[in-house]
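Here the sequence shown stands for residues 87 to 173, numbered as in this note's numbering. Backbone N, C-alpha and C fix where the C-beta goes; we use that ideal spot for every residue, glycine too. Here the structure is a predicted model, which means the values were calculated and not measured.
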Amino acid sequence: MSVFAEATPNPNAMKFTAGKDIFSGDGSISVMPGQTSEHDILNDLMKLEGVDNVFGYKNFITVNKTFDADWNQLIPKVEEVFEKHGY
87 MSVFAEATPN PNAMKFTAGK DIFSGDGSIS VMPGQTSEHD ILNDLMKLEG VDNVFGYKNF
147 ITVNKTFDAD WNQLIPKVEE VFEKHGY
């Protein structure tokens, strides 16, 4: 399955869109530092060094990085998490 990364107006946020739904229902899910989620993919993303918080809805997750993290190093790690979870 393919995941597409795309920039957002916020340089510290990147939107990762999967080819199928990740979350069911009409609600969005946010995970902030120190929190966990019932969704393992969000918890695994939060464990990555350089990830500050995540927001998920339907078929995408927006990853917000810490100010000093580098997208060139972080994107492949985020994509690995998606792949691990079958996306």
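Under the assumption that residue i contacts residue j (Cβ atoms under 8 Å), give the Cβ distance between them as a whole number of angstroms.
i    : j    : result
I161 : I108 : With 8 Å as the limit, I161 and I108 do not qualify as a contact, their Cβ atoms being about 17 Å apart.
K163 : W157 : In fact, because the Cβ distance is near 10 Å, the residues do not count as touching under 8 Å.
Candidates the options: which alpha carbon is nearest residue i's?
i    : options                : result
N139 : G172, A91, A99         : A99
S116 : D154, Y143, E169, F102 : Y143
F141 : L128, L134, F153, K133 : L128
K101 : K170, D154, E166, V149 : V149
G113 : N145, E169, E165       : N145
D154 : E166, K170, E165, V137 : V137
D105 : L131, P95, G111, A91   : The sequence shown places Gly at residue 105, not Asp. Comparing Cα positions, the closest option is A91.
G120 : K170, K133, Q159       : K133
T103 : V89, E135, L131, N96   : V89
Of all the CB atoms in chain D, is at least one closer than 8 Å to the CB of residue i?
i    : result
T148 : Checking the listed chains, one finds no chain D in this structure; it contains a single protein chain.
Determine the burial state of residue i: buried for a count of at least 16 other Cβ atoms within 10 Å of its Cβ, exposed for fewer.
i    : result
A93  : exposed
M118 : exposed
F168 : buried
Under 7 Å Cβ to Cβ from residue i, same chain only, skipping five residues before and after it: list those, please.
i    : result
S123 : I115, V117, N129
In chain order, what residues of the same chain have a beta carbon less than 8 Å from the beta carbon of residue i, not counting five sequence neighbours either side?
i    : result
Q159 : G136
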